[in-house]
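S.K.:
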Amino acid sequence: MVLPMYLFVLLAAAIFVAAVCVGYYFIYKTKSSEDSNGADERKKSMPAPSRVAAVLTIIFLLVAVIISFFIKQGISNPKTPEGQIDADAFYAEVKEVGDNTVTVTGIPLNDESYRGEFTYELYDGIPLEWHGQPISLSDLDEGDLVSVILLTDIGGTEDVFKIKLLDDEM
């Protein structure tokens, strides 16, 4: 399991706060023993360790809230990369199957842009599957219902990512 970087930062900050509190406690105890041994009375006394721990805890919690806010902003509003890829899927009926092509007609349930007839060239490595199992192009027959998943890159080039046979029987 890999923990996100911000958890490491918060853990480091919590360890730092704890170390400062422990260090302050030892300095306070040393100063208190010097004051009780008759050291110079003109020096200011140090605040109690409980007060320092309370202030540091409040500061730590505020920093944690601020970090959480910025992390949430980064997660909910991610910057889109230059090479962004968009995925679309539509349902179609197989019209014709060639050696390495498939022609499909989008069904009426699709968006208007996917209701026409489309021919796709299928390269090696493009997965064809039925109920999660790989199939070959020759397993597709005219009239089969399929789901076509397309990827479109930033330049508008559209390629088939995967075709799933949706019929219950093969």
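With the working numbering applied, the sequence shown corresponds to residues 16 to 185, in that order.
We put the CB at the ideal spot given by N, CA and C, even for glycine.
With a cut-off of 8 Å on the beta carbons, I'd call Asp174 and Leu165 a contact; round off their distance for me.
M.R.: Correct: roughly 7 Å between the Cβ atoms.
S.K.: For Ile164, which beta-bridge partners are listed by DSSP?
M.R.: Bridge partners of Ile164: Ala104 and Lys177.
S.K.: Can you list the alpha helix (DSSP H) stretches of 4 or more residues lying completely in the region 58-85, in chain order?
M.R.: Correct list: empty.
S.K.: Is the CB-CB distance between Thr120 and Glu108 below 8 Å?
M.R.: Cβ atoms of Thr120 and Glu108: closer than 8 Å.
S.K.: On the three-state DSSP scale, how would you describe Thr172?
M.R.: Thr172 falls in the coil class under three-state DSSP.
S.K.: What's the gap between the Cα of Thr48 and the Cα of Ile73?
M.R.: First, the amino acid is wrong: residue 48 is Ser here, not Thr. In a straight line, the C-alpha of Ser48 is about 29 Å away from that of Ile73.
S.K.: Rounded to the nearest angstrom, what separates Asn125 and Asp103 at their Cα positions?
M.R.: Asn125 and Asp103: Cα-Cα distance of roughly 11 Å.
S.K.: Is DSSP giving Tyr138 helix, strand or coil here?
M.R.: Tyr138 falls in the coil class under three-state DSSP.
S.K.: Please identify the residue among Leu22, Phe75 and Val112 whose C-alpha is closest to the C-alpha of Ala34.
M.R.: Comparing Cα positions, the closest option is Phe75.
S.K.: With which residues is Glu111 paired in a DSSP beta bridge?
M.R.: Looking at the DSSP assignment, Glu111 forms a beta bridge with Thr118.
S.K.: Secondary structure at Glu127, three-state DSSP: helix, strand or coil?
M.R.: Reduced to three states, the DSSP call for Glu127 is helix.
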